[in-house]
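S.K.: Residue numbering for the sequence shown follows numbering that gives the first Met the number 0, starting at 0 and increasing by one per position. Ideal Cβ positions, reconstructed from N, Cα and C, are used throughout, including at glycine. Handing you a structure now.
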Amino acid sequence: MTQIAVIGAGQAGMALAARLRTLGFDGRITLIGAEPTPPYQRPPLSKKYMAGDMALERLFLRPTKFYEDNDITLHTGAQVVALDPAAMTVHLADGATVRADRIALTTGADPITLPAQLCGGQPGVYTMRTLADADAMASEFRAGRRVLVVGGGYIGLEAAAVATTKGLSVTLVEMAPRILARVAAEQTADWFRSLHQAQGVDIREGSGLIALERLPDGTFHATLGDQTSLIVDFVVCGIGVRPTTALAAAAGLAIDNGIAVDSFGCTSHPAIFAAGVCASFPWKDQRIRLESVPHAIAQAEATAASMLDAGTAYVARPWFWSDQYDVKLRIAGLNTGYDSVIVRQGDRPGSQSHWYFAGDRLLAVDAMKDPRAYMAGKRWIEADQSPHKASLADSSLPLKTLNVC
Ligand SMILES: Cc1cc2nc3c(=O)[nH]c(=O)nc-3n(C[C@H](O)[C@H](O)[C@H](O)COP(=O)(O)OP(=O)(O)OC[C@H]3O[C@@H](n4cnc5c(N)ncnc54)[C@H](O)[C@@H]3O)c2cc1C
């Protein structure tokens, strides 16, 4: 094997290419990305970078020299338009063709946009996925301006936090009955609602955006499901993503909530692999897709080994974080299937953790300002151990003294 092509130069693509080299692959590596910049980290786009507290250079995952030093041919601004599994060729928008013995798809996800009748795609209505998105809306984040954030998931809440901190007037609208409905328990939603309301964010839940009209002065008239309306200067939309699968689907690869891979990252074609947020993979008795940096890196690195026939089955250890104001939320595990939540006060002011159980089995923990709870939870979940619920709820008992079974 002498040539590997990696399509998608994001967090997973970068990790996969770098891992191929550290594992000793000495053939040609071509890393192809549609965005005009070298691979960068996305989390700061809705956090420090958006707040203006992080320089552009610090976003990049590696300096340009890294690609030269590791003999990784990086094509930026290069959209792959077709993949031919029979010929093992990758076709770029500019007409170039790359041939490879093995191909990795790390194509990420596309943000869901508002429909055209809600001004989707118009100036002043932004999604939050790329550096270009963040740069396009940067000048809007000025004190005194009014923003409507559509979507009460983590990205919408992070955008609301940055905007509020910068002195904007923020209204956040969530169509579901509550914020964080898709990802967290009511207790976590309540905790973050209080946090944002204390900072002055106007949170409207159970009430979607039903009409958005751009007025002649450039502002927007927004009508919500409860028939209230408001005028805002711009709109930030955080209503989720869809895995980027069109290329794989057109090439005939199996798609199932993402590009379907096995535990080794292999798609339905034996020489084509996929990793990161574009890929769904087996986990316990289900097939899941994870939207997080730690998973993108870990799965990409495991897949690199499999591409060199040196892989072991990838076992995901889900964890995630979010920064809002001075709060760091750390999440370990996946809460799918929980039937109860234990609330525990932390030992620092304002710290709290929410523990998800299915029966007596610990599934996940949301730890707000509480790294100890996160670390204990992560360790237990990964070892498939569970503390007793009653002792966990008693904050006077230190976590390290709790018995687990
Ligand atoms: C604003 C924001 C904040 C986030 N915050 C957090 C956080 O706090 N914690 C956390 O764990 N995760 C966070 N995430 C999620 C995390 O960034 C993603 O899960 C991670 O980037 C996934 O990496 P990936 O490489 O799979 O996909 P991506 O990073 O999306 O990279 C995919 C790349 O492939 C390229 N591509 C797609 N199709 C083609 C093609 N045909 N040809 C060439 N190139 C192509 C795309 O342009 C893109 O650059 C955040 C995401 C966003 C957007």
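Hey, quick one: how far does the beta strand (DSSP E) through His74 stretch, first residue to last?
M.R.: Translated into the one-based positions of the sequence shown, residue 74 becomes position 75. Start and end: Ile71 to His74.
S.K.: Express the C-alpha separation of Gln351 and Ser385 in angstroms, rounding to a whole number.
M.R.: Here residue 385 corresponds to residue number 386 of the sequence shown, with the count starting at 1. Here residue 351 corresponds to residue number 352 of the sequence shown, with the count starting at 1. Cα to Cα, the separation comes out at about 18 Å.
S.K.: Look at the alpha carbon of Gly107 and the alpha carbon of Tyr48, and state the distance between them as a whole number of angstroms.
M.R.: Looking up residue 107 in the sequence shown gives position 108. Looking up residue 48 in the sequence shown gives position 49. Distance between the alpha carbons of Gly107 and Tyr48 is about 20 Å.
S.K.: DSSP beta-bridge partners for Tyr125?
M.R.: Looking up residue 125 in the sequence shown gives position 126. Looking at the DSSP assignment, Tyr125 forms a beta bridge with Val235.
S.K.: So for Tyr355, helix, strand or coil by DSSP?
M.R.: Translated into the one-based positions of the sequence shown, residue 355 becomes position 356. Reduced to three states, the DSSP call for Tyr355 is strand.
S.K.: How about Asp232 and Glu139: do their beta carbons lie closer than 8 Å?
M.R.: For the purposes of this step, residue 232 is taken as residue 233 along the sequence shown, with counting starting at 1. For the purposes of this step, residue 139 is taken as residue 140 along the sequence shown, with counting starting at 1. Yes, the pair counts as a contact, with Cβ atoms nearer than the cut-off.
S.K.: Of the residues Met306, Glu34, Asp83 and Ala17, which one's Cα is nearest the Cα of Tyr66?
M.R.: If you number the sequence shown from 1, residue 66 lands on position 67. The option with the nearest alpha carbon to Tyr66 is Ala17.
S.K.: Within this structure, are the beta carbons of Ala9 and Pro38 separated by less than 8 Å?
M.R.: Working through the sequence shown from its first residue, we reach residue 9 at position 10. Working through the sequence shown from its first residue, we reach residue 38 at position 39. Per the sequence shown, the amino acid found at residue 9 is Gly instead of Ala. Against a cut-off of 8 Å, the Cβ pair of Pro38 and Gly9 comes out as a contact.
S.K.: In three-state DSSP terms, what is Gln40?
M.R.: On the sequence shown, residue 40 is found 41 positions in, with the first residue counted as 1. In the structure shown, Gln40 sits in coil (DSSP, three-state: anything other than H, G, I, E or B).
S.K.: May I ask you to report which of helix, strand or coil DSSP gives Arg18?
M.R.: What you label residue 18 is simply residue 19 of the sequence shown in a count that begins at 1. Of the three classes helix, strand and coil, the one that applies to Arg18 here is helix, per DSSP.
S.K.: Measuring only from the beta carbon, is Val79 closer than 7 Å to any heavy atom that is part of ligand 1?
M.R.: Counting from one through the sequence shown, the residue named residue 79 turns up at place 80. Checking every heavy atom of ligand 1 against the Cβ of Val79, one is found closer than 7 Å.
S.K.: Suppose you measure from the CA of Ile31 to the CA of Ala99; what does that come to, to the nearest Å?
M.R.: For the purposes of this step, residue 31 is identified with residue 32 of the sequence shown, where counting begins at 1. For the purposes of this step, residue 99 is identified with residue 100 of the sequence shown, where counting begins at 1. If you take the alpha carbons of Ile31 and Ala99, they lie about 13 Å apart.
S.K.: Hey, is Met127 close to ligand 1, as in C-beta under 7 Å from one of its heavy atoms?
M.R.: Counted from its first residue, the sequence shown places residue 127 at position 128. Answer for Met127: yes, Cβ within range of ligand 1.
S.K.: Look at the alpha carbon of Ala14 and the alpha carbon of Ile287, and state the distance between them as a whole number of angstroms.
M.R.: Translated into the one-based positions of the sequence shown, residue 14 becomes position 15. Translated into the one-based positions of the sequence shown, residue 287 becomes position 288. Those two C-alpha atoms are separated by around 20 Å.
S.K.: Between the C-alpha atoms of Glu300 and Leu289, what's the straight-line distance to the nearest angstrom?
M.R.: Within the sequence shown, residue 300 is the residue found at index 301, counting from 1. Within the sequence shown, residue 289 is the residue found at index 290, counting from 1. Looking at the two C-alpha atoms, the distance is approximately 15 Å.
S.K.: By Cβ distance, which residues of its chain are closer than 6 Å to Ser206, with the 5 residues on each side in sequence left out?
M.R.: For this step, residue 206 is matched to residue 207 along the sequence shown. These residues qualify, in order along the chain: Leu223, Gly224 and Asp225.
S.K.: Quick check: does the Cβ of Pro293 come within less than 7 Å of any heavy atom belonging to ligand 1?
M.R.: Locating residue 293 in the sequence shown gives position 294, where the first residue counts as 1. Pro293: yes, Cβ under 7 Å from ligand 1.
S.K.: How far does the alpha helix (DSSP H) with Ile154 in it reach, from first residue to last?
M.R.: Counting from 1 along the sequence shown, the entry for residue 154 is found at position 155. Run containing Ile154: Tyr153 to Thr164, per the alpha helix (DSSP H) assignment.
S.K.: Is the distance from the Cβ of His195 to the Cβ of Ala221 below 8 Å?
M.R.: Mapped onto the sequence shown, residue 195 falls at position 196. Mapped onto the sequence shown, residue 221 falls at position 222. Contact flag unset, no.
S.K.: With three or more C-beta pairs closer than 8 Å as the rule, is the region 309-320 touching the region 114-124?
M.R.: Cβ pair count under 8 Å is below three, so no.
S.K.: Determine the direct distance from the alpha carbon of Lys388 to that of Leu401, and round the result to whole angstroms.
M.R.: The residue given as residue 401 occupies position 402 in the sequence shown. The residue given as residue 388 occupies position 389 in the sequence shown. Cα to Cα, Leu401 sits roughly 10 Å from Lys388.
S.K.: Cα separation between Val97 and Ala131?
M.R.: Here residue 97 refers to the residue found at position 98 when the sequence shown is read from its first residue. Here residue 131 refers to the residue found at position 132 when the sequence shown is read from its first residue. Cα to Cα, Val97 sits roughly 27 Å from Ala131.
S.K.: Should Arg41 be listed as close to ligand 1, given that the test is whether its C-beta is under 7 Å from any heavy atom?
M.R.: As a position in the sequence shown, residue 41 is number 42, starting the count at 1. Yes, the beta carbon of Arg41 sits closer than 7 Å to at least one heavy atom of ligand 1.
S.K.: Using a threshold of 7 Å, is the CB atom of Gln10 nearer than that to any non-hydrogen atom of ligand 1?
M.R.: Your numbering for residue 10 matches position 11 in the sequence shown. True, at least one ligand heavy atom lies under 7 Å from that Cβ.
S.K.: Is the CB-CB distance between Thr170 and Asp189 below 8 Å?
M.R.: For the purposes of this step, residue 170 is identified with residue 171 of the sequence shown, where counting begins at 1. For the purposes of this step, residue 189 is identified with residue 190 of the sequence shown, where counting begins at 1. In this structure, Asp189 does not lie closer than 8 Å to Thr170 by Cβ.
S.K.: With distances taken from CA atoms, which of Trp320, Ile296, Ala183 and Ala273 is nearest Trp354?
M.R.: Translated into the one-based positions of the sequence shown, residue 354 becomes position 355. Out of Trp320, Ile296, Ala183 and Ala273, Ala183 has the C-alpha closest to the C-alpha of Trp354.
S.K.: Hey, is Ile71 close to ligand 1, as in C-beta under 7 Å from one of its heavy atoms?
M.R.: Position 72 of the sequence shown, counting from 1, holds the residue named residue 71. Ile71: no, Cβ never under 7 Å from ligand 1.
S.K.: Check each candidate in Gly358, Thr164 and Lys368 and name the one with the smallest Cα separation from Trp320.
M.R.: Locating residue 320 in the sequence shown gives position 321, counting from the first residue. Among Gly358, Thr164 and Lys368, the Cα nearest to that of Trp320 is on Lys368.
S.K.: Does the distance from the CB of Arg371 to the CB of Leu398 come in under 8 Å?
M.R.: Position 372 of the sequence shown, counted from the first residue, corresponds to residue 371. Position 399 of the sequence shown, counted from the first residue, corresponds to residue 398. Yes, they are a contact pair.
S.K.: Would the C-beta of Ile31 count as close to ligand 1, meaning under 7 Å from any of its heavy atoms?
M.R.: Position 32 of the sequence shown holds residue 31. Because some heavy atom of ligand 1 lies under 7 Å away, the Cβ of Ile31 counts as near it: yes.
S.K.: To which residues of the same chain is Arg128 closer than 6 Å at the C-beta, ignoring the five residues directly before and after it?
M.R.: As a working mapping, residue 128 is identified with position 129 in the sequence shown. Excluding residues within five positions, the ones whose Cβ falls inside 6 Å are Pro110.
S.K.: Does the beta carbon of Phe319 fall short of 7 Å from some heavy atom of ligand 2?
M.R.: What this structure holds is ligand 1, not ligand 2.
S.K.: With Pro242 as the anchor, note down where its beta strand (DSSP E) starts and where it stops.
M.R.: For the purposes of this step, residue 242 is taken as the residue at position 243 of the sequence shown. Its beta strand (DSSP E) spans residues Val240 to Pro242.
S.K.: Counting only runs that start and end within the region 74-144, where is the alpha helix (DSSP H) found for 4 or more residues in a row?
M.R.: Taking only runs of at least 4 residues, the alpha helix (DSSP H) segments lying wholly in the region 74-144 are 130-137.
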